[in-house]
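>
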Amino acid sequence: MSARNAGSVLDLDWISRVRVNHQAVLKRAQYIQSLKVSKKQWQAAWLLKAVTCIDLTTLAGDDTPSNVHRLCLKAIQPVRLDLLKNMDMHDKGITTAAVCVYPSRVADAVRSLKAAHSDLPVASVATGFPAGQTPLETRLQEVRLAVRDGAAEIDVVINRTLALSGQWEAMYRELHQFREACGDAHMKTILATGELGTFTNIYKASIVSMMAGSDFIKTSTGKEPVNATYPVAIVMARAIRDYYLSTGYKVLDPIILTCKIIIPIYHYVTGRYAAFHELPMA
Numbered sequence: 004m005s006a007r008n009a010g011s012v013l014d015l016d017w018i019s020r021v022r023v024n025h026q027a028v029l030k031r032a033q034y035i036q037s038l039k040v041s042k043k044q045w046q047a048a049w050l051l052k053a054v055t056c057i058d059l060t061t062l063a064g065d066d067t068p069s070n071v072h073r074l075c076l077k078a079i080q081p082v083r084l085d086l087l088k089n090m091d092m093h094d095k096g097i098t099t100a101a102v103c104v105y106p107s108r109v110a111d112a113v114r115s116l117k118a119a120h121s122d123l124p125v126a127s128v129a130t131g132f133p134a135g136q137t138p139l140e141t142r143l144q145e146v147r148l149a150v151r152d153g154a155a156e157i158d159v160v161i162n163r164t165l166a167l168s169g170q171w172e173a174m175y176r177e178l179h180q181f182r183e184a185c186g187d188a189h190m191k192t193i194l195a196t197g198e199l200g201t202f203t204n205i206y207k208a209s210i211v212s213m214m215a216g217s218d219f220i221k222t223s224t225g226k227e228p229v230n231a232t233y234p235v236a237i238v239m240a241r242a243i244r245d246y247y248l249s250t251g252y253k254v255l256d257p258i259i260l261t262c263k264i265i266i267p268i269y270h271y272v273t274g275r276y277a278a279f280h281e282l283p284m285a
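All the letters of the sequence shown, read from the start, carry residue numbers 4 to 285 under my numbering.
(1) For serine 37, count the other beta carbons within 10 Å of its own beta carbon; 16 or more makes it buried, fewer makes it exposed. Which is it?
(2) On the three-state DSSP scale, how would you describe valine 21?
(3) For a minimum of 3 consecutive residues, which ranges assigned as the beta strand (DSSP E) are wholly contained in the region 134-221?
(4) Could you please give the first and the last residue of the uninterrupted beta strand (DSSP E) stretch that includes alanine 126?
(5) With DSSP collapsed to three states, give me the class of threonine 60.
(6) Can you list the alpha helix (DSSP H) stretches of 4 or more residues lying completely in the region 68-121, in chain order?
(7) Let's see if you can read the secondary structure: which residues bound the alpha helix (DSSP H) around tyrosine 252?
(8) DSSP state of arginine 31, grouped into three classes?
(9) Threonine 201 to leucine 87, Cα distance in whole Å?
(10) Would you tell me roughly how many angstroms separate the C-alpha atoms of arginine 7 and threonine 98, rounded to the nearest one?
(11) For serine 168, would you say it is in contact with chain D, using Cβ-to-Cβ distances shorter than 8 Å as the test?
(12) Smallest Cα separation from lysine 43: which of Gly197, Ala184, Arg241 and Met90?
(13) Judging by CA-CA distance, which residue of Arg151, Ala155 and Glu140 is the nearest neighbour of glutamate 177?
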C-alpha cells in the first residue's frame, strides 16, 4: 500500500481560480491516443504491471461467500502459471492490488485470504455506493463497519449534488469525516466523473478530495453511463501533480484503461513526460 496523504486545509481561493481549457484537454487526449503502443516483451511487462494495479472486484446482488472465495483465489493467482513461467515471472509474486467487495462481504474475503495464507488487502466500497445519496450517518456507519471487519481500503463516493452545485466546503467536510472513519485504512475517493458535467468540476472535485485526505482518487464507479476516458484521465493527473507540487503529498489515481494509456499517464504523473508540462489548464 502507498504512503498516506495527510490532507490539507481547504483552499477555496485555489478552487475558485480554476478554469480548465476544454479544447486543450481534448487536443492532448487526441495526441496521447496517437502514441504507439509498446509491443512484445514491453507490452507484456506493462500488462503485468496493470494486473498488479487492479482491484479484482465483485459488486453483484447475488454475491455469496463462495463467490467471494473464488474471487480471492483468482486475485492471488490472476495470471496462469504457465504464462508466468514463459515470461520468467512465476516467482515474482504477481497478484492483483486488492480484492474489492461490498461491506457485508468484507469478512468473507478476509477469511478466505487468511485461509490461503495471503496478505492481499481487502477493499470495500461504502458511503452509499454507487450514488452516494444515503444520509451522511448511514454512509459513515458503512465505513466503520467495513473497517471493523478488516477492510484495508475504503472506496467512498462523493455526493455529486455538492460538486454540481459548487458546495465544495460541504463536500470537503463530508470527505474529511469519511477519512476519520477510515482510521488506518486507506481512502479511495470515486468522483463519478461521467456525472460531473465539466472538466473544471472534475479538476475541482479532484483537488477537494485530495485536500480532504484521499489517498487515491478514481474516475468512476463503473455504474455511470460514461466512465474513464482519456480527457478525464489527463485532468485528474494534472490535479494530482498540482496537489503534489503544492503540498508534497503523493496521491494516486488507478487509471487502468489500456496499456496504451498506462504508459503516458504514468510518465505524466511522475513528471517524466515533458510534453504534458505545456498543457494550459488553469
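Ideal placement from N, C-alpha and C gives every residue a C-beta, glycine not left out.
Taking the structure as given:
(1) Numbered from its first residue, the sequence shown carries residue 37 at position 34. Counting Cβ neighbours within 10 Å, serine 37 comes out exposed, since fewer than 16 surround it.
(2) Working through the sequence shown from its first residue, we reach residue 21 at position 18. If DSSP states are grouped into helix, strand and coil, valine 21 belongs with coil.
(3) 156-160, 189-193 and 219-221
(4) Indexing the sequence shown from 1 puts residue 126 at position 123. Segment 125-128, the beta strand (DSSP E) holding alanine 126.
(5) Numbered from its first residue, the sequence shown carries residue 60 at position 57. Correct three-state label for threonine 60: strand.
(6) 68-79, 84-89 and 109-118
(7) Sequence index remark: in the sequence shown, residue 252 carries index 249 (1-based). Taken as a continuous stretch (DSSP letters only), tyrosine 252 belongs to no alpha helix (DSSP H), as it is neither H nor E.
(8) As a working note, residue 31 is residue 28 in the sequence shown. Note: arginine 31 maps to helix in three-state DSSP.
(9) Residue mapping note: residue 201 aligns to position 198 of the sequence shown, counting from 1. Residue mapping note: residue 87 aligns to position 84 of the sequence shown, counting from 1. Going by the C-alpha atoms only, they are around 42 Å apart.
(10) The sequence position of residue 7 within the sequence shown is 4, counting from 1. The sequence position of residue 98 within the sequence shown is 95, counting from 1. If you take the alpha carbons of arginine 7 and threonine 98, they lie about 22 Å apart.
(11) Absence of chain D from the displayed structure is noted, only one protein chain being present.
(12) As a working mapping, residue 43 is identified with position 40 in the sequence shown. For lysine 43, the nearest C-alpha among the options comes from Met90.
(13) On the sequence shown, residue 177 is found 174 positions in, with the first residue counted as 1. It is Glu140.
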